[in-house]
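Using our numbering, the first residue of the sequence shown is number 9, and each one after it goes up by one.
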Amino acid sequence: MPEYVASVGMEVHAELSTQSKMFCRCPVAFGGEPNTRVCPICLGMPGTLPVPNRAAIEMVLKTALALNCQIAMTSVFHRKNYFYPDLPKGYQVSQYGETNPLGYNGYLEIPASGGGTKRIGIRRVHLEEDTGKLMHLPSGGSGVDFNRAGVPLMEIVTDFPPDIETPDEAKEYLAQLRHILVYLGVCDGKMEEGSMRCEPNISVRPVGSETYGIKSELKNLNSFRSVQLGVAFEVRRQIAALATGATLRQETRGWDENREASYPMRIKESENDYRYFPCPDLVPMKFDEAAIEALRASLPELPLAKLRRYRESLGLSDYDAGLLVADKDWATYFEQAVELGGDPKAVCNWMNGDFAKMLNETGQSASASKVTPAHLVELVRLIASGTISGKIAKEVFAETFRTGQAPAQIVEAKGATQISDLGAIESAVLRVLKDNADVVAKYKSGQTSVGGFLIGQVMRETKGRANPQLVREALDKALEEA
Ligand code: ZN
Ligand code: MN
Numbered sequence: 009m010p011e012y013v014a015s016v017g018m019e020v021h022a023e024l025s026t027q028s029k030m031f032c033r034c035p036v037a038f039g040g041e042p043n044t045r046v047c048p049i050c051l052g053m054p055g056t057l058p059v060p061n062r063a064a065i066e067m068v069l070k071t072a073l074a075l076n077c078q079i080a081m082t083s084v085f086h087r088k089n090y091f092y093p094d095l096p097k098g099y100q101v102s103q104y105g106e107t108n109p110l111g112y113n114g115y116l117e118i119p120a121s122g123g124g125t126k127r128i129g130i131r132r133v134h135l136e137e138d139t140g141k142l143m144h145l146p147s148g149g150s151g152v153d154f155n156r157a158g159v160p161l162m163e164i165v166t167d168f169p170p171d172i173e174t175p176d177e178a179k180e181y182l183a184q185l186r187h188i189l190v191y192l193g194v195c196d197g198k199m200e201e202g203s204m205r206c207e208p209n210i211s212v213r214p215v216g217s218e219t220y221g222i223k224s225e226l227k228n229l230n231s232f233r234s235v236q237l238g239v240a241f242e243v244r245r246q247i248a249a250l251a252t253g254a255t256l257r258q259e260t261r262g263w264d265e266n267r268e269a270s271y272p273m274r275i276k277e278s279e280n281d282y283r284y285f286p287c288p289d290l291v292p293m294k295f296d297e298a299a300i301e302a303l304r305a306s307l308p309e310l311p312l313a314k315l316r317r318y319r320e321s322l323g324l325s326d327y328d329a330g331l332l333v334a335d336k337d338w339a340t341y342f343e344q345a346v347e348l349g350g351d352p353k354a355v356c357n358w359m360n361g362d363f364a365k366m367l368n369e370t371g372q373s374a375s376a377s378k379v380t381p382a383h384l385v386e387l388v389r390l391i392a393s394g395t396i397s398g399k400i401a402k403e404v405f406a407e408t409f410r411t412g413q414a415p416a417q418i419v420e421a422k423g424a425t426q427i428s429d430l431g432a433i434e435s436a437v438l439r440v441l442k443d444n445a446d447v448v449a450k451y452k453s454g455q456t457s458v459g460g461f462l463i464g465q466v467m468r469e470t471k472g473r474a475n476p477q478l479v480r481e482a483l484d485k486a487l488e489e490a
């Protein structure tokens with residue numbers, strides 16, 4: 009049996025986080041009573057005229073710039089004609105052509121398996137509108153909810169021939185893309201609510217072959233995991249079919265989450281079937297260089313660049329930096345603390361350690377919690393200066409988390425400052441040795457492993473406040489003299 013290599017193209021639809029729909033003033037939201045956010049325009053009534061949403065166009069341009077695309081300085085909308093009950097106008101306003109989409113010919117970088125990055129070519133980033141939703145009614149029969157009809161939708165398609173070759177790369181591409189969209193604030197990236205939808209197309213061909221295999225397109229993937237599982241399943245299915253000498257069909261297949269298998273849905277339409285033509289109701293969009301450059305300058309630092317900076321200028325590990333960058337607000341919080349003078353490594357350890365754990369347990373976000381970046385910086389300084397021990401710091405942090413009181417205040421109120429007074433530590437050590445004569449005897453007979461127990465007893469004696477370094481020294485000295 010020949011060895012096969014897979015090729016995966018990715019088509020992603022992202023609902024834009026605008027206030028209103030693409031061509032009318034109906035609000036954009038998730039859920040709610042069916043058909044309550046509709047008007048004659050998004051219902052496609054005869055005689056109505058669409059007015060493009062400027063914010064949506066800017067969001068697509070920003071995305072295209074972030075994905076290193078060329079920008080179409082003149083760009084038109086087309087009608088993509090097909091009949092389906094969820095499409096009230098009988099066509100979807102979309103953008104056709106190779107260099108007409110707002111963005112084309114770009115790329116996105118994903119972390120490569122062997123370190124470094126891999127470039128995934130992007131063919132197009134275009135603007136269109138979403139359709140309504142068919143619903144199966146409890147009373148039997150079906151209904152259509154047009155609340156989603158006309159919501160601004162961005163479509164991002166990877167290049168051909170595809171750069172993605174494995175299910176892992178497909179998942180990573182989607183994860184990076186989602187990350188970028190969320191960072192740009194153009195989409196909330198909620199795959200489970202359908203505001204970000206991914207339809208990969210998959211083909212396999214024998215290693216060394218120049219000819220791409222017949223591809224299938226997968227639908228109904230509503231998590232990163234399904235994307236990864238779905239692509240892996242299709243690769244296996246196609247290889248198995250080819251091995252038996254079967255011919256594959258170009259088709260659209262659905263993903264059955266429960267069975268973790270794909271099933272045939274329909275034979276794929278070809279572009280001719282859609283009869284694309286420029287929408288006569290919408291004037292061409294024209295952009296000038298200055299406006300595009302202003303948008304480019306307004307882009308935030310993107311996740312991968314941030315990760316690199318945390319690693320290279322702040323000295324964080326890939327893992328630590330990854331945890332911080334995973335969420336934009338979390339990264340912003342970290343940067344605020346560093347800006348206030350917090351040691352990056354120490355701040356990062358508290359954030360990814362106790363802080364993350366407590367936020368998780370209480371279901372809060374960092375910005376909504378009572379701990380401010382300034383609190384974290386203060387705590388880290390109290391430890392670095394030797395004012396409190398690491399052990400006490402944990403208690404102090406927990407209290408700041410609970411009450412919002414500043415760490416320094418808590419330390420003062422509790423009298424929890426670290427004991428660095430050698431005399432006090434020495435007398436605590438002597439008390440412990442006196443109370444544990446049997447253990448001291450063991451130590452003297454060569455069982456030095458009991459030293460840890462004695463240190464623990466001294467820490468207990470001082471309620472965790474003794475400077476551990478000094479305790480160790482004092483104990484060593486006292487044991488020698490005992
Ligand atoms: Zn409307
Ligand atoms: Mn589309």
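All residues carry an ideal CB built from backbone N, CA and C; glycine is no exception.
- Membership of M366 in the alpha helix (DSSP H) is indicated by the continuous run A364 to T370.
- A Cβ-Cβ contact shorter than 9 Å links Y220 with P169.
- Counting C-beta atoms within 10 angstroms of its own C-beta, E242 has 16 or more neighbours from the protein chains shown and is therefore classed as buried.
- Listed in chain order, the beta strand (DSSP E) runs fully inside the segment 199-233 are 204-214 and 224-227, counting runs of at least 3 residues.
- Here E259 carries a strand assignment [DSSP, helix/strand/coil].
- Distance from the C-beta of H144 to the nearest heavy atom of the ligand MN is not below 8 Å.
- Using a Cβ distance threshold of 9 Å, V355 and A345 count as a contacting pair.
- Judged by their CB atoms, C50 and P96 are nearer to each other than the 9 Å cut-off.
- Boundaries of the alpha helix (DSSP H) around N357: P352 to W358.
- Within 8 Å of the C-beta of S102 there is at least one heavy atom belonging to the ligand MN.
- Taken through DSSP and simplified to helix, strand or coil, R45 comes out as coil.
- The Cβ neighbour count for E218, taken over all protein chains shown within 10 Å, is under 16; the residue is labelled exposed.
- A432 sits close to A474, with the two beta carbons spaced by under 9 Å.
- A straight line joining the alpha-carbon of D337 with that of L57 spans about 40 Å.
- Under the criterion of beta carbons closer than 8 Å, F31 and E163 do not qualify as touching, at roughly 16 Å.
- Cβ-Cβ distances below 7 Å link H86 to S102, Q103, Y104, Y284, F285, P286 and C287 in the same chain, with the five nearest sequence neighbours on each side left out; the list follows chain order.
- When rounded, the separation of the alpha-carbon atoms in D281 and Q246 is 26 Å.
- One alpha carbon belongs to I130, the other to D167, and they sit about 5 Å apart.
- Ranked by Cα distance from L462, the options D264, L367 and N444 are led by N444.
- The beta carbons of L303 and P60 sit about 16 Å from each other, so the pair does not count as a contact at 8 Å.
- Measuring C-alpha to C-alpha distances from M273 to each of N230, Y318, L226 and I128 identifies L226 as the nearest.
- Exclusion of the five residues before and after G398 leaves I391 as the residues of its chain whose Cβ lies within less than 7 Å of its Cβ.
- Counting only residues of its own chain and dropping the five nearest sequence neighbours on each side, M67 has a CB closer than 6 Å to the CB of L24 and V194.
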